[in-house]
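For what it's worth, my numbering labels the leading residue of the sequence shown as 260, then goes sequentially. Shown next, in structure tokens, is the structure this report addresses.
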Amino acid sequence: MSGKLALAFVLALLLAPAARAADPPPAAAPAAKIEVVDPYVRLMPPGAPNTAAFMELRNPTDAEIRLVAAENGYSKRTELHTHTMEGGVMKMRQVPFIAVPARGSVKLAPGGLHIMMLEVPRPLAEGEVVALTLRFDDGSSAVVKAPARRPVAR
260 MSGKLALAFV
270 LALLLAPAAR
280 AADPPPAAAP
290 AAKIEVVDPY
300 VRLMPPGAPN
310 TAAFMELRNP
320 TDAEIRLVAA
330 ENGYSKRTEL
340 HTHTMEGGVM
350 KMRQVPFIAV
360 PARGSVKLAP
370 GGLHIMMLEV
380 PRPLAEGEVV
390 ALTLRFDDGS
400 SAVVKAPARR
410 PVAR
């Protein structure tokens, strides 16, 4: 009996990797329906600990889509932010999402909504590109290449 048990154990060990290999790979996030226009990261002075990314997000669908997170390999932390007027003073605060209306757009711009990049290791050189991964509430994501530049007055 112990010989049969040992044989069953060995067979189980040998067949386990084959069973694992048959598992389907995890599904990748679907491509975002949001169109990203003119993304860039603001240049900052030497020694500045933070910067921000700006762009326009366009939603061609019939439903609101929310930007719920952003990630990058440059800063230690990335948050969604806005500016609000409090007691006559402009203050920046974190927001849980940025809504892009159905068949509409939203601008992430200096003085308003933006992607805050906190605890940067060094200043970016002009033209240096940061890859940002944008994550949306519909489960989709988009990788955006944002060059570093000075904000353009519009």
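Don't be surprised by glycine CBs; every beta carbon is placed ideally from N, CA and C. Keep in mind that this is a model prediction, so the values were computed, not measured.
{"Query": "Mind checking whether V295 and L326 have CB atoms under 8 Å apart?", "Result": "no"}
{"Query": "Taking the alpha carbon of V389 as the reference point, which residue from E378, S334, G363, M351 has its own alpha carbon closest?", "Result": "S334"}
{"Query": "Report yes if the C-beta distance between L391 and N318 is below 8 Å; otherwise report no.", "Result": "no"}
{"Query": "Output the boundary residues of the beta strand (DSSP E) element that contains T337.", "Result": "336–345"}
{"Query": "Nearest CA to the CA of P380: which residue from V300, P360, P308, M303?", "Result": "P308"}
{"Query": "Leaving out the 5 sequence neighbours to the left and right, which residues in its chain are closer than 6 Å to H340 when beta-carbon positions are compared?", "Result": "M351, Q353, H373, M375"}
{"Query": "Could you check if M344 is buried or exposed, using at least 16 other CB atoms within 10 Å of its CB as the buried criterion?", "Result": "exposed"}
{"Query": "Closest by CA to L383, which one among I324, R408, I293, V348?", "Result": "R408"}
{"Query": "From the DSSP output, read off the bridge partner residues of A407.", "Result": "V300"}
{"Query": "Which first and last residues belong to the beta strand (DSSP E) in which K292 is found?", "Result": "Per DSSP, K292 belongs to no beta strand (DSSP E) and is neither H nor E."}
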